[in-house]
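**Student:** With mature numbering (1 follows the signal peptide of the UniProt record, and there is no 0) applied, the sequence shown corresponds to residues -24 to -1, 1 to 92, in that order.
For every residue, glycine included, the Cβ atom is placed at its ideal position computed from N, Cα and C.
None of the values given here were measured: they were computed from a predicted structure.
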Amino acid sequence: MTIKILVRLLLPLYALLFSMATVATETQFSQGKEKSVICMTCHGTDGISTIDTYPNLQGQKQAYFIAALKAYKLRQRNGGLAILMHAQADALSEKDMQDIAFYFNQVTSTPLKNDD
Ligand code: HEC
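1) By how many angstroms is the C-alpha of Asn90 removed from the C-alpha of residue 136?
2) In its own chain, which residues sit with a C-beta less than 7 Å from the C-beta of Tyr30, not counting the 5 before and 5 after it?
3) From Val13 to Ala77, what distance separates their C-alpha atoms?
4) Give me the Cα-Cα distance between Ala67 and Ile42, rounded to the nearest whole angstrom.
5) Rounded to whole angstroms, what's the CA-CA distance from Ala39 to Ser69? Just pull it up for me.
6) DSSP three-state label for Ala67, please.
7) How is Leu50 classed by DSSP in three states: helix, strand or coil?
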């Protein structure tokens, strides 16, 4: 009896928390997308780059993504084409990095149509 009452009381609470979490996730995705406009010119809208020497970002682990940006900012990454990333990383706050990392982690590509 008491358990039933508890469940009745707690279920709406769970539903509310779940919907709040979903809204927060959608917001971070759209915020990340807005902040990634410059990045997309080199890394692709969906994080798949069209230039062979520019890395793909789609699906990248968020912790690795943020660590890479910090390493550019601190000039710990200097080799290869890193120079292209220095000014990019300089312009980002901690929150920007989190939002952008979230966007590229979550984004997917529209599959190409095939007729088979
Ligand atoms: C002018 C083109 C250009 C722009 C704009 C650009 N990038 Fe890059 N990005 C590169 C290139 C080239 C590399 C590879 C650099 C290297 O050799 O270290 C790279 C590397 C990275 C990496 C490391 C990938 C890995 O696998 O280690 C991340 C993360 C990244 N970029 C994120 C961003 C973000 C976020 C933005 C926007 C704020 C951005 N980039 C804008 C060209 C660009």
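**Tutor:** Walking through what the data contain:
1) No information on residue 136 is available, as it lies outside the stretch -24 to 92 that the chain covers here.
2) Within the sequence shown, the letter at position 54 stands for residue 30. The residues are Cys18 and His19.
3) One-based indexing of the sequence shown puts residue 13 at position 37. One-based indexing of the sequence shown puts residue 77 at position 101. Taking the straight line joining both Cα atoms gives about 13 Å.
4) As a first step, residue 67 is located in the sequence shown; it is residue number 91 there, counting from the start. As a first step, residue 42 is located in the sequence shown; it is residue number 66 there, counting from the start. Computed Cα separation, rounded: 13 Å.
5) Mapped onto the sequence shown, residue 39 falls at position 63. Mapped onto the sequence shown, residue 69 falls at position 93. Rounded to whole angstroms, the gap between the alpha carbons of Ala39 and Ser69 is 15 Å.
6) Residue mapping note: residue 67 aligns to position 91 of the sequence shown, counting from 1. Taken through DSSP and simplified to helix, strand or coil, Ala67 comes out as coil.
7) Locating residue 50 in the sequence shown gives position 74, counting from the first residue. DSSP places Leu50 in coil when its eight states are reduced to three.
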